[in-house]
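Q: In case it helps, our numbering puts the sequence shown at residues 180 to 700.
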Amino acid sequence: MQSEPEILCNVAISFDRCKITSVTCSCGNKDIFYCAHVVALSLYRIRKPDQVKLHLPISETLFQMNRDQLQKFVQYLITVHHTEVLPTAQKLADEILSQNSEINQVHGGRGCSASLSVTRGLCWAPEEQRLQLFSDGQQGVLLGSGSHCVCGVREMLKMRDSNGARMLTLITEQFMADPRLSLWTQQGTAMTDKYRQLWDELGALWMCIVLNPHCKLEQKVSWLKQLKKWNGVDVCPWEDGNHGNELPNLTNALPQGANANQENTGQCKSLEYQHLPAHKFLEEGESYLMLAVEVALIGLGQQRIMPDGLYAQEKVCRNEEQLISKLQEIELDDTLVKIFRKQAVFLLEAGPYSGLGEIIHRESVPMHTFAKYLFTSLLPHDAELAYKTALRAMRLRVLESTTPLGDMSHPHHIVSVVPNRYPRWFTLSHIESQQCELASTMLTAAKGDVQRLETVLESIQKNIHSSSHIFKLAQDAFKIATLMDSLPDITLLKVSLELGLQTVLTAAISLLSSSPALYKL
Numbered sequence: 180m181q182s183e184p185e186i187l188c189n190v191a192i193s194f195d196r197c198k199i200t201s202v203t204c205s206c207g208n209k210d211i212f213y214c215a216h217v218v219a220l221s222l223y224r225i226r227k228p229d230q231v232k233l234h235l236p237i238s239e240t241l242f243q244m245n246r247d248q249l250q251k252f253v254q255y256l257i258t259v260h261h262t263e264v265l266p267t268a269q270k271l272a273d274e275i276l277s278q279n280s281e282i283n284q285v286h287g288g289r290g291c292s293a294s295l296s297v298t299r300g301l302c303w304a305p306e307e308q309r310l311q312l313f314s315d316g317q318q319g320v321l322l323g324s325g326s327h328c329v330c331g332v333r334e335m336l337k338m339r340d341s342n343g344a345r346m347l348t349l350i351t352e353q354f355m356a357d358p359r360l361s362l363w364t365q366q367g368t369a370m371t372d373k374y375r376q377l378w379d380e381l382g383a384l385w386m387c388i389v390l391n392p393h394c395k396l397e398q399k400v401s402w403l404k405q406l407k408k409w410n411g412v413d414v415c416p417w418e419d420g421n422h423g424n425e426l427p428n429l430t431n432a433l434p435q436g437a438n439a440n441q442e443n444t445g446q447c448k449s450l451e452y453q454h455l456p457a458h459k460f461l462e463e464g465e466s467y468l469m470l471a472v473e474v475a476l477i478g479l480g481q482q483r484i485m486p487d488g489l490y491a492q493e494k495v496c497r498n499e500e501q502l503i504s505k506l507q508e509i510e511l512d513d514t515l516v517k518i519f520r521k522q523a524v525f526l527l528e529a530g531p532y533s534g535l536g537e538i539i540h541r542e543s544v545p546m547h548t549f550a551k552y553l554f555t556s557l558l559p560h561d562a563e564l565a566y567k568t569a570l571r572a573m574r575l576r577v578l579e580s581t582t583p584l585g586d587m588s589h590p591h592h593i594v595s596v597v598p599n600r601y602p603r604w605f606t607l608s609h610i611e612s613q614q615c616e617l618a619s620t621m622l623t624a625a626k627g628d629v630q631r632l633e634t635v636l637e638s639i640q641k642n643i644h645s646s647s648h649i650f651k652l653a654q655d656a657f658k659i660a661t662l663m664d665s666l667p668d669i670t671l672l673k674v675s676l677e678l679g680l681q682t683v684l685t686a687a688i689s690l691l692s693s694s695p696a697l698y699k700l
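1) For Y255, is the classification buried or exposed, using 16 other Cβ atoms within 10 angstroms of its Cβ as the cut-off for buried?
2) Starting from S193, follow the beta strand (DSSP E) in both directions and report where the run begins and ends.
3) Near F525, what residues of its chain come up, given a Cβ to Cβ distance below 7 Å and the 5 sequence neighbours on each side ignored?
4) Rounded to whole angstroms, what's the CA-CA distance from L390 to L381? Just pull it up for me.
5) Using the three-state DSSP reduction, which class does K232 fall into: helix, strand or coil?
6) Can you name, in chain order, every residue of its own chain whose Cβ lies under 7 Å from the Cβ of V297, other than the five neighbours on each side?
7) Taking Cβ positions, are F549 and L479 nearer each other than 8 Å?
8) I'd like to check one pair, S193 with S205: are the Cβ atoms closer than 8 Å?
9) State yes or no: is the C-beta of I509 within less than 8 Å of the C-beta of M469?
10) What three-state label does DSSP hand Q481 in the structure shown?
11) Based on DSSP bridge pairs, tell me the residues matched to T203.
12) How would you call G534, buried or exposed, if buried means at least 16 neighbouring beta carbons within 10 angstroms?
13) For K641, list the residues DSSP reports as bridge partners.
14) The alpha helix (DSSP H) spanning L349 covers which residue range?
15) Taking the Cβ atom as the reference point for each residue, do S675 and A656 lie within a distance shorter than 8 Å?
16) Would you say Q482 and S401 are within 8 Å of each other, going by their C-beta atoms?
17) Quick check on P456: does DSSP put it in helix, strand or coil?
18) Tell me the DSSP bridge mates of S466?
19) Is the beta carbon of E677 closer than 8 Å to that of S645?
20) For P434 and D229, I'd like the C-alpha separation in whole angstroms.
21) Using a threshold of 8 Å, state whether the C-beta atoms of G488 and W417 are closer than that.
22) CA-CA distance, N208 and R497?
23) Over the uninterrupted alpha helix (DSSP H) stretch that includes T670, give me the two end residues.
24) Identify every residue that forms a DSSP beta bridge with K198.
The following block contains the structure:
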């Protein structure tokens with residue numbers, strides 16, 4: 180800063196094979212990152228290598244000196260730093276003159292500035308000692324910059340730097356040692372959003388590390404032991420990231436309705452994804468983009484049970500929508516459309532592996548958001564498959580009654596689907612809104628097609644249990660049927676009428692079932 184006085188700092192950087200192995204700076208900065216002076220010298224050395232004097236290891240320099248030069252070197256060193264090195268120099272001199280001393284049992288001496296052995300793994304020198312300084316009641320400082328630390332670890336893993344696991348271990352230990360975790364546990368209160376996000380990031384990074392195919396078996400065993408140790412600590416956050424019983428406001432946390440995915444999409448449309456050939460894979464002509472899209476579709480379509488915790492349920496919805504948002508940035512070509520078709524067919528015909536299979540668990544995570552994306556992507560290329568996928572995904576098993584009392588396919592025989600006892604789905608309102616959006620998308624696409632409109636109507640009547648969402652769909656159908664630029668769609672108007680009637684009947688039966696006295700009347 181111009182207002183600050185200029186400070187002259189002495190900086191020394193040791194490096195080996197283009198990687199920094201140790202740093203020292205006279206500024207005395209005690210942070211978990213390299214100080215500005217170390218960074219400045221590093222950049223200066225990279226940009227102007229000829230302007231920075233490169234010294235050989237001191238052991239090599241000493242080896243080149245004769246007896247007189249060595250004696251002069253030692254005498255001058257002691258004279259310049261006599262108060263600092265004189266006691267140590269005297270001690271070493273006594274030991275060297277003693278034939279039975281330990282120092283005389285070793286040939287040569289240690290080179291403090293020598294490079295690493297060629298046989299040793301190449302790794303950066305993280306500020307590990309500085310990280311450990313925060314273990315004495317300063318965890319808040321470390322965790323306050325947790326996002327920067329996590330980004331640093333992620334970059335290390337990207338570069339296959341073996342220090343990534345070490346750095347992540349230190350960060351995790353500091354997180355677990357934070358006194359606020361103990362306080363929150365005792366009080367039964369929830370972690371702050373900042374800590375929740377950091378905990379999620381740490382978990383995601385540990386998954387990357389333990390799944391690394393390049394790590395050794397003994398490393399995996401060591402990490403497993405450490406993870407079990409942390410898991411056994413009383414203050415270890417739960418899977419849902421919430422120790423307390425507080426229910427945060429999910430309305431703001433999750434996007435709703437049609438706007439759900441729009442020493443992010445609108446903002447990223449400018450991105451272009453290209454097919455880069457992927458060598459050494461099974462099929463010729465595959466690209467990394469193809470593989471990435473296929474893996475994403477496989478992951479989104481897997482059947483998985485809704486977790487118990489509030490925060491974990493919120494995270495399921497958020498992660499799904501974030502991944503779909505990334506997929507929406509990709510412009511589908513013929514090659515990618517083939518992958519979409521293949522995966523859609525596979526998910527429909529698969530067994531319990533698939534969330535779009537014919538039979539799913541009652542508490543399986545619904546596929547509404549994913550199916551809406553598949554539907555809009557497949558519709559221009561394979562309408563039959565698009566509708567088949569979306570209609571299969573319309574179900575919401577957790578709200579279905581095990582003993583239906585009427586025929587759900589006809590509006591005049593509508594019965595109230597009052598759910599039996601089901602787990603606490605904290606995100607149920609959001610899930611039902613996504614189900615409604617899927618139905619509305621199909622209604623819009625089916626305009627003018629009588630058969631498809633009837634099929635979509637039957638699906639709505641069978642699977643949607645919220646009278647407010649049915650009413651919304653009735654409104655949507657009416658708006659679509661009476662657009663200004665075309666003649667009214669009679670079939671859609673009928674759909675709107677039947678959905679409106681169902682809204683009234685569902686609300687009335689729900690009222691009757693909740694009040695036996697009214698039912699008798």
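Cβ atoms here follow ideal geometry from the backbone N, Cα and C, with glycine treated the same way.
A: Walking through what the data contain:
1) With fewer than 16 other Cβ atoms inside 10 Å of its own Cβ, Y255 counts as exposed.
2) From DSSP, the beta strand (DSSP E) with S193 extends over 190-195.
3) None.
4) So the two alpha carbons sit approximately 14 Å from each other.
5) When secondary structure is reduced to three states using DSSP, K232 falls in the coil class, being assigned neither helix nor strand.
6) Confidence in V297 is poor, its pLDDT being 43 and thus under 50, which makes the residue's placement too unreliable to answer from.
7) Contact: yes.
8) Going by C-beta atoms, S205 is not nearer than 8 Å to S193.
9) Taking C-beta atoms as the reference points, I509 and M469 fail to come closer than 8 Å.
10) The three-state reading of DSSP puts Q481 in strand, counting E and B together.
11) As computed with DSSP, T203 is found in a beta bridge with A191.
12) By the 10 Å Cβ count, G534 comes out buried.
13) When DSSP reads this structure, K641 sits in no beta bridge, so it has no partner.
14) For L349, the uninterrupted alpha helix (DSSP H) segment begins and ends at 342-355.
15) Yes; because the gap between Cβ atoms is below 8 Å, this pair is in contact.
16) No, the pair does not count as a contact, with Cβ atoms beyond the cut-off.
17) Correct three-state label for P456: strand.
18) For S466, which the question treats as bridged, DSSP gives the partners P456.
19) No, these two residues do not count as a Cβ contact at 8 Å.
20) Note that P434 scores a pLDDT of 47, beneath 50, so its modelled location is shaky; the value from the coordinates is reported in the next line. Approximately 55 Å between the Cα atoms of the pair.
21) Taking 8 Å as the Cβ cut-off, G488 and W417 qualify as a contacting pair.
22) Rounded to whole angstroms, N208 and R497 show a C-alpha spacing of 39 Å.
23) Looking at the DSSP string, the run of the alpha helix (DSSP H) that includes T670 is 669-693.
24) According to DSSP, which records beta bridges pairwise, K198 is partnered with D195.
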